[in-house]
Structure formats: C-alpha cells, structure tokens
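Down below is the structure, laid out as structure tokens.
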Amino acid sequence: MKLRFSPTSPYVRKVRALAIETGLADRLELAATDPWQADTDLPASNPLGKVPALELDDGTVLFDSPVICEYLDSLHGGTKLFPAAGPARWKALRLQAIGDGICDAAILRRLDGMRPAGLQSADWQQRQRQAVARACDLLEAEAGTLGGPATIGQLAIACALGYLDFRFDADKWREGRPKLAAWFADFAKRPSIAETALPPA
Ligand SMILES: N[C@@H](CCC(=O)N[C@@H](CS)C(=O)NCC(=O)O)C(=O)O
C-alpha cells in the first residue's frame, strides 16, 4: 500500500499514528506528495487533490483520512481503534469529527492568512479561530471522558492539538484549558504520537 503524504498534514499524521497503533506501519510505503505543487500528479489518484490518499495494490485509491483509517483498522486482528457498534463507536467517531474539524478550521484560517493582504478576510479568519476555540472548550469540558483505551477519536484530537501547536502556537490553546493540556501531555507520550511529531514550523 502506498500512502501519499505531506509531512505537515495533521490528517496524514492521524493515519500514520493509527498504523503504528495497529502494527501496520511497515506495510505502508510512504510517498511524499506536495498537494500544492502546480504539476503534481496527485489528482490522478485523488480527484480532490488532497493528502492523505492510500493507493491499494489492486489500484483502488482510498480517501479521505477517516476512510483510510477505518480501512487500515480492518486489516489487523488486535484491539480495534474504531469500535464496532453502539455508544463507544459514536463517541469515537464524534471525537474524530471534532479533531478533524479543528484541523479543517485551522487550515482554512491559515490558507486565508497566506493570501495577499488585500484578499484576506479578517472576519473569515476570526470565524475559523472561534470555531477552533469553541471546539477546544468542548474538549476541556469533556476532558474527563478522554481516558480509557485509545480510539480513532483520541488520535484525531491529539493530531489536531499538535497542529495547533505547529501553526498557531501564539494562540496558546492550553491557557484556561488545564485538563485538556494535561490529557494531551500524557497522550503525546504514546509512540504513535511521539514518532509522528510534525517537523519544526
Ligand atoms: N478531510 C480530508 C482533509 C485532507 C486535507 O485537507 N489535506 C490537505 C493537507 S493537510 C490538502 O491536501 N490540501 C490540499 C488542497 O486543499 O488542495 C481528510 O481527512 O483527509
């Protein structure tokens, strides 16, 4: 299997973290792909032009990261990171949606901030900043439920918080959110998170 990846993508990090958690990392061939390069061939694999994209040996290409993660989770016989059914499944998927949503909003804000000054929208960036702040507030309120066996939910949250550290360190998301900060400090010691740390910004 070939994983098309960018080293700074929090969604790619989530996939790689899941592969480590499930013992599948050795089965992933990593293919560096810059989705923003003008002549990239990425759209031939993923018409949406985004990483991660997972090219299977039969030619099938899977995207986006939740689909790739659930596919990889189906390949091993150990403890599943996607609970099969019931409240545990919805809890994990909801957490994944919060984590991925934080990344979505943070990336929209960053992309707008990279446009020429006259084309940027302070309102748009503020909207995304507030979405991230509200999601972090929710996680602080629910921090007591983040313990227990790791699922795709906690992996997604950890990758999202790592991305905030990487791109929006100045926002200091830990301020006023001591429980979430403590949970992240502990969870980030897992090899799957430590070994996939984003490069220096
Ligand atoms: N929902 C997608 C988001 C993927 C995504 O936005 N990837 C970014 C890199 S972090 C990308 O490839 N962006 C290129 C683009 O938007 O054209 C997922 O979970 O995989």
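Residue numbers for the sequence shown, in this note's numbering: 1370 to 1570.
Ideal Cβ positions, reconstructed from N, Cα and C, are used throughout, including at glycine.
Here the structure is a predicted model, which means the values were calculated and not measured.
Which term fits Pro1569, buried or exposed, when burial requires 16 or more other beta carbons within 10 angstroms of its beta carbon? Exposed: under 16 other Cβ atoms inside 10 Å.
Using CA coordinates, which residue listed in Ala1551, Arg1478 and Tyr1440 is at the minimum distance from Asp1492? Arg1478
Would Leu1444 pass as a contact of Glu1390 if the rule is Cβ separation under 8 Å? no
Who are Phe1374's beta bridge partners in DSSP? Its beta-bridge partners are Ala1401.
Report the three-state DSSP secondary structure of Ala1422 (helix, strand or coil). strand
Given Asp1506 as reference, the closest of Leu1530, Leu1372 and Thr1520 once Cα atoms are compared: Leu1530
Which first and last residues belong to the alpha helix (DSSP H) in which Asp1538 is found? Unbroken run through Asp1538: none, as it is neither H nor E.
Does the Cβ of Ser1490 have 16 or more other Cβ atoms within 10 Å, making it buried, or fewer, making it exposed? Under this definition Ser1490 is an exposed residue.
With Gln1495 as the anchor, note down where its alpha helix (DSSP H) starts and where it stops. Ala1491 to Ala1510
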